[in-house]
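One structure below.
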Ligand code: ADP
Ligand code: MG
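Residue numbers (the working numbering): 14 to 586.
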């Protein structure tokens with residue numbers, strides 16, 4: 014094992030002192046979940062990002078509460094860093110890099126030094142060292158605050174390295190709690206250790222959000238194992254054909270082998286060729302499911318091995334296609350001759366086992382591991398680890414990481430959100446040509462991410478919901494307050510007629526309004542109208558202009574924009 018910090022067995026002494034900080038962070042008591050305000054940080058204290066700490070688990074307290082922990086770092090105050098960039102000699106005359114917005118015209122036309130359009134943007138690159146490290150696709154080698162979960166997985170899966178079948182595992186936790194990252198980390202370690210000791214243990218990772226039907230899951234598994242088997246067969250065939258050719262020159266060549274005669278060797282070669290021939294890959298659609306299943310079964314059982322199948326986002330699979338896949342996979346072991354499989358399911362939904370057949374539920378949940386949400390302190394550690402490799406030294410002011418952590422802690426402790434915030438804040442700083450990422454960039458990033466979320470939700474709404482939403486927008490734009498369902502329905506009907514869409518019943522429209530409410534796009538309350546019954550009153554809870562722009566960009570809504578005058582005419586009357 015290379016010096017990864019999570020040894021599968023907890024006995025590696027390096028594991029103990031290197032293990033990520035768990036609840037040992039004594040700094041910033043009570044700072045949890047509080048958004049630091051603008052004035053919480055002293056600007057002169059901005060060098061806590063200890064550049065020489067190789068592995069800063071014990072990162073200095075970035076809130077600036079700690080006044081002692083800055084030894085060894087340079088002491089220049091933040092504002093002097095504005096000039097440090099000129100030492101690369103790119104530009105002698107000083108330029109205000111912190112001015113917001115890039116004046117492209119100015120960059121091109123003003124240039125006496127023969128600087129191109131991009132030179133100015135490239136010069137210095139004061140912010141990022143490696144932005145990829147902050148992207149979701151990056152698998153970190155260190156996962157602070159997940160040592161317990163990782164060790165538990167490893168303790169269960171180590172049986173695979175002994176040729177035994179590990180218990181099935183179910184992993185639960187909200188999004189962004191490190192489930193996928195931890196599972197991938199463990200699977201990499203497992204596979205590398207199995208190679209090292211030459212034990213046949215393989216891990217198959219499937220993201221069920223993408224591969225979301227039984228057919229696709231089984232087809233992907235079948236094809237992966239067919240490919241692996243073919244590689245094994247090819248290697249054996251190469252060796253045997255070589256042996257056959259030397260045996261044809263020199264009959265003694267077979268003496269030390271298990272082949273008594275050249276005929277036996279030829280028969281083995283032919284058998285292998287037939288095996289390879291028989292392994293027909295599963296097409297992406299079209300076969301009956303049991304044929305796909307049998308193909309996978311035969312492929313995985315072709316030779317001895319232990320296979321761990323990781324089904325990430327397993328709740329999406331069950332939601333979309335039921336639990337047949339899990340049922341079939343979980344009873345395979347009793348029929349396999351050479352191989353064994355173990356299932357590791359990962360779910361964002363804590364209650365998804367409620368929908369499972371009891372047999373599947375008990376088999377799948379032999380072991381359960383929970384990934385709790387991170388608190389603000391833990392998020393800070395995670396961000397600090399990544400920031401150390403992704404940003405240039407001193408590129409962040411002290412309040413940036415605590416603020417990202419605090420925002421993300423409010424967002425159910427989502428590390429993905431925390432990393433998105435940090436990356437977006439860095440990009441905004443970079444774009445405004447600031448020298449450092451500051452708190453204001455984090456706040457802008459928070460707004461941007463929130464808006465992006467809204468835009469995405471609105472963009473992916475079904476057409477009918479979009480029309481309903483558009484009706485609400487038109488009403489708001491015409492100054493209607495406490496919009497009621499009847500008003501929405503009238504405009505909705507009119508819009509549908511204008512763009513030739515089907516008109517749903519008022520009841521269905523009311524349902525769509527409830528959905529929009531649940532998505533946080535409108536805010537609806539039920540009000541009683543006395544003997545006239547009850548109605549819903551609503552208002553838009555997202556920015557009106559951006560939302561309208563997203564709706565208008567949908568070609569399915571046709572020329573809904575042209576329908577507006579008709580609608581407005583109603584108000585004018
Ligand atoms: P989940 O699968 O639970 O939704 P992920 O494993 O995808 O969450 O984590 C979300 C993001 O946060 C990823 O970029 C991941 O690398 C990062 N992350 C989560 N937990 C940690 C941790 N303990 N240390 C470092 N990075 C983490
Ligand atoms: Mg995940």
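Ideal Cβ positions, reconstructed from N, Cα and C, are used throughout, including at glycine. Keep in mind that this is a model prediction, so the values were computed, not measured.
Of the other Cβ atoms in all chains shown, fewer than 16 fall within 10 Å of the Cβ of residue 284; this residue is therefore exposed. Only exposed fits residue 210, as fewer than 16 other CB atoms lie within 10 angstroms of its CB.
Look at residue 192: its beta carbon is less than 7 Å from one of the heavy atoms in the ligand MG.
In this structure, residue 432 lies near residue 399, with their beta-carbon atoms less than 8 Å apart.
When C-beta atoms of the stretch 492-511 are compared with those of the stretch 464-482, three or more pairs fall below 8 Å, so the two segments count as touching. DSSP, reduced to helix, strand and coil, places residue 447 outside both helices and strands of the structure shown, so it counts as coil. Taking C-beta separations shorter than 8 Å and ignoring five residues to either side along the sequence, the partners of residue 354 in its chain run 178, 313, 319, 320, 321, 322, 342, 345, 346, following chain order. Remark: the shortest separation between the CB of residue 325 and any heavy atom of the ligand MG falls under 7 Å. With a threshold of 7 Å, the Cβ atom of residue 188 counts as near the ligand ADP, since some heavy atom of the ligand is closer than that. Cα atoms of residue 381 and residue 564: separation of roughly 43 Å, rounded to the nearest angstrom. Looking at the DSSP output, residue 452 shares a beta bridge with no other residue. Rounded to the nearest angstrom, the gap between the Cα atoms of residue 205 and residue 266 is 35 Å.
Remark: C-beta atoms of residue 288 and residue 239 do not approach each other more closely than 8 Å. Just so you know, the alpha carbons of residue 235 and residue 207 end up roughly 21 Å apart.
Judged by DSSP in its simplified three-state form, residue 537 adopts strand. Rounded to the nearest whole angstrom, the CA to CA distance from residue 196 to residue 298 is 29 Å.
Contact annotation, residue 441 with residue 454: C-beta distance approximately 5 Å; criterion of less than 8 Å satisfied.
In the structure shown, residue 492 falls within a coil segment according to DSSP collapsed to helix, strand and coil. Beta-bridge partners assigned by DSSP to residue 360: 185.
Within its own chain, the residues whose Cβ lies closer than 7 Å to the Cβ of residue 547, once the five positions on either side in sequence are excluded, are 539, 540, 541, listed in chain order. Apart from sequence neighbours up to five positions away, the residues of its chain that approach residue 275 with a beta-carbon distance below 8 Å are 257, 260, 261, 264, 267, ordered along the chain. Selection 317, 406, 330 evaluated against residue 140 yields 406 as nearest (Cα-Cα). Looking at the backbone, the Cα of residue 271 and that of residue 279 are separated by about 13 Å.
356 is the residue among 356, 292, 188 whose C-alpha sits nearest the C-alpha of residue 230.
By the neighbour-count definition (other C-beta atoms within 10 Å, threshold 16), residue 166 is a buried residue.
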